[in-house]
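Asker:
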Amino acid sequence: MIVLKSPAELDKMRAAGRIVAETLALLKTRIIPGVTTNELNRLAEKECQRHGAKPAFKGYGGFPFAICSSPNEQVVHGFADDNPLLEGDILSIDFGVLYKGFYGDSAITVAVGKLDDDTERLLIATRESLEQAIEKAVPNGRLSDISHAVQSWVEPKGFSVVREFVGHGIGRNLHEAPQIPNYGQAGQGPRLKSGMTLAIEPMINAGAPGVKILEDGWTAVTQDSKRSAHFEHTVAITDNGPEILTQV
Ligand code: MG
Ligand code: MG
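Heads up: the sequence shown is residues 5 to 252, going by my numbering.
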């Protein structure tokens, strides 16, 4: 069942979303050559404390960090460590909080210094695919319009859509119905309604779509070791159209 949120509940989700957005914006300013993902994780923890928010992922199914930090060929759910990021790397950070009973969830992929042109194209296409998908988050649309918007944006540019991980409803729970794949035909699935809150999150690979999980049981990497990008926003469907809750 897809839970619709009342205006008062949406206000709480705005507050949670704002903390997520501000924290990611701060982390982004720290992503330069030499920084480590452990440093970024500590900063995210500190920001949660400062806001009186709980990091959503830490302890979720046993995940040990406040942020998922996934460089280069890592797709999602990467572990923070003490390896310095290098010029030309990319880093995906996925971050969520629980605040006053509601969750916010967002992800960005950030350039470490200057990128090569192909990687730059991957980041731009992935971010744009999220924008395209969000435009479909409107009353009376269908769920798979969102999915189709992602796939039809990135595949003509030579990129591929990860199948194993999908977006999701969000609210009092981090993961609620419906699941939101980033591929599929338009015009299918549940009809979209005002009051739905969705975490839309394309994960796009430079090469083939296949992924595998490392021995830590969490870190997803591309099978072909090519790079992967991830952008996510928590979005409310309103009578006035999509409202992005995780944007500063
Ligand atoms: Mg996320
Ligand atoms: Mg998510």
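Even glycine gets a Cβ: it sits at the ideal position worked out from N, Cα and C.
Let me make sure I understand the geometry here. Which of 24, 227 and 210 has the alpha-carbon closest to that of residue 218?
Answerer: That would be 227, whose Cα lies nearest to the Cα of residue 218.
Asker: Measure the C-alpha to C-alpha separation of residue 75 and residue 233 and round it to an integer number of angstroms.
Answerer: Distance between the alpha carbons of residue 75 and residue 233 is about 9 Å.
Asker: Within 10 angstroms of the Cβ of residue 231, are there 16 or more other Cβ atoms? Answer buried if so, exposed if not.
Answerer: With 16 or more other Cβ atoms within 10 Å, it is buried.
Asker: Indicate whether residue 236 and residue 111 have their beta-carbon atoms separated by less than 7 Å.
Answerer: Yes, the Cβ-Cβ distance between residue 236 and residue 111 is below 7 Å.
Asker: Can you give me the C-alpha to C-alpha distance between residue 28 and residue 35, rounded to a whole angstrom?
Answerer: Looking at the two C-alpha atoms, the distance is approximately 11 Å.
Asker: Any heavy atom of ligand 2 within a distance shorter than 6 Å of the CB on residue 302?
Answerer: No answer is possible for residue 302: it lies beyond the span of the chain, which begins at 5 and ends at 252.
Asker: For residue 105 and residue 179, what's the separation of their Cα atoms in angstroms?
Answerer: Their Cα atoms are separated by approximately 14 Å.
Asker: Are the CB atoms of residue 148 and residue 188 within a distance shorter than 7 Å?
Answerer: It is a contact, given that the beta carbons lie within the stated cut-off.
Asker: Just checking residue 233 against ligand 1 - is the residue's beta carbon closer than 6 Å to any of the ligand's heavy atoms?
Answerer: Flag unset: Cβ of residue 233 not near ligand 1.
Asker: What is the DSSP secondary structure of residue 26, counted as helix, strand or coil?
Answerer: Helix, per DSSP.
Asker: Among 10, 21, 6 and 16, whose alpha-carbon lies nearest the alpha-carbon of residue 252?
Answerer: Comparing Cα positions, the closest option is 21.
Asker: For the candidate residues 166, 14, 177 and 246, whose alpha-carbon lies nearest to that of residue 210?
Answerer: Checked all of 166, 14, 177 and 246; the closest Cα to residue 210 is 166.
Asker: Would you check if there are 3 or more beta carbon pairs closer than 8 Å linking the region 39-52 to the region 82-89?
Answerer: The region 39-52, when compared against the region 82-89, does touch it at the 8 Å Cβ threshold.
Asker: With DSSP as the reference, label residue 109 as helix, strand or coil.
Answerer: Reduced to three states, the DSSP call for residue 109 is strand.
Asker: On the CB-based measure, 16 or more other CB atoms within 10 Å of its CB, does residue 38 come out buried or exposed?
Answerer: Residue 38 should be labelled exposed.
Asker: For ligand 2, is there a heavy atom less than 6 Å away from the beta-carbon of residue 180?
Answerer: No, since every heavy atom of ligand 2 falls outside the 6 Å radius drawn around the Cβ of residue 180.
Asker: If residue 196 sits next to residue 184, beta carbons under 8 Å apart, how far is it from one beta carbon to the other, in whole angstroms?
Answerer: Not really, about 11 Å apart at Cβ, beyond 8 Å.
Asker: Are the region 151-161 and the region 121-138 in contact at 8 Å, needing three or more beta carbon pairs?
Answerer: The answer is yes - the region 121-138 touches the region 151-161, with three or more Cβ pairs under 8 Å.
Asker: Compare the beta carbon distance of residue 102 and residue 240 with 7 Å and say whether it is the shorter of the two.
Answerer: In this structure, residue 240 does not lie closer than 7 Å to residue 102 by Cβ.
Asker: Hey, could you find the ends of the beta strand (DSSP E) residue 216 is sitting in?
Answerer: Residue 216 -> beta strand (DSSP E) spans 215-217.
Asker: Between residue 215 and the rest of its own chain, which residues show a CB-CB distance below 7 Å, the 5 nearest in sequence each way excluded?
Answerer: Only 79, 166, 168, 224, 225, 226 and 227 meet the Cβ criterion.
Asker: Leaving out five residues on either side along the sequence, give the residues of the same chain with a beta carbon under 7 Å from the beta carbon of residue 213.
Answerer: Counting only Cβ-Cβ distances below 7 Å, and skipping sequence neighbours, we find 164, 165, 166 and 167.
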